[in-house]
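Novice:
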Amino acid sequence: MDNRNTSDDKPVQRSKSFSFKTQKETCASCEKTVYPMERLVANNLIFHATCFCCKHCNTKLSLGTYAALQGEFYCKPHFQQLFKSKGNYDEGFGRKQHKELWASKDAESITKSA
Numbered sequence: 001m002d003n004r005n006t007s008d009d010k011p012v013q014r015s016k017s018f019s020f021k022t023q024k025e026t027c028a029s030c031e032k033t034v035y036p037m038e039r040l041v042a043n044n045l046i047f048h049a050t051c052f053c054c055k056h057c058n059t060k061l062s063l064g065t066y067a068a069l070q071g072e073f074y075c076k077p078h079f080q081q082l083f084k085s086k087g088n089y090d091e092g093f094g095r096k097q098h099k100e101l102w103a104s105k106d107a108e109s110i111t112k113s114a
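Quick note on numbering: the sequence shown equals residues 1 to 114 in the UniProt record's numbering.
1. Note down the Cα distance separating lysine 84 from histidine 56, rounded to an integer number of angstroms.
2. Going by DSSP, which residues form a beta bridge with glutamate 25?
3. Have a look at arginine 39 and cysteine 27 and give me their C-alpha separation to the nearest angstrom.
4. Alpha carbon to alpha carbon, how far is tyrosine 35 from phenylalanine 73? Give it in angstroms, no decimals.
5. State the start and end residues of the unbroken alpha helix (DSSP H) segment that holds phenylalanine 79.
6. Straight-line CA distance for alanine 67 to threonine 59?
7. Applying the criterion that 16 or more other CB atoms from any shown protein chain within 10 Å of the CB defines a buried residue, is cysteine 54 buried or exposed?
What follows is the structure in structure tokens.
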């Protein structure tokens, strides 16, 4: 006798909710959940495609049209305008120029040797 098809067999219980056990990813800009279809990764940060914008002019960026500096993202024209034209990345952020730091070290070495 075959016992596999008896009325005592219970049907297999299947989950009513379908889910992948994945980590929820959040956008580095708006901090909301990023779903796979809208996911964009730049410099190991995850963004919504619509949140990936230039810090200066807020233009939507793509992976081929951005430049990054110290965790901030810029369109290439503004990156060049803000930083490359001055020849100094620190000055664009309001920091002291490296040459000023060198000048102070040179002054210290002159006073020590005198």
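Just so it is clear, CB atoms sit at the ideal spot from N, CA and C, and this is done for glycine as well.
Specialist: Result, derived from the coordinates:
1. 15 angstroms
2. According to DSSP, residue pairing for glutamate 25 in a beta bridge involves Val34.
3. If you take the alpha carbons of arginine 39 and cysteine 27, they lie about 9 angstroms apart.
4. 21 angstroms
5. 76-79
6. 13 angstroms
7. buried
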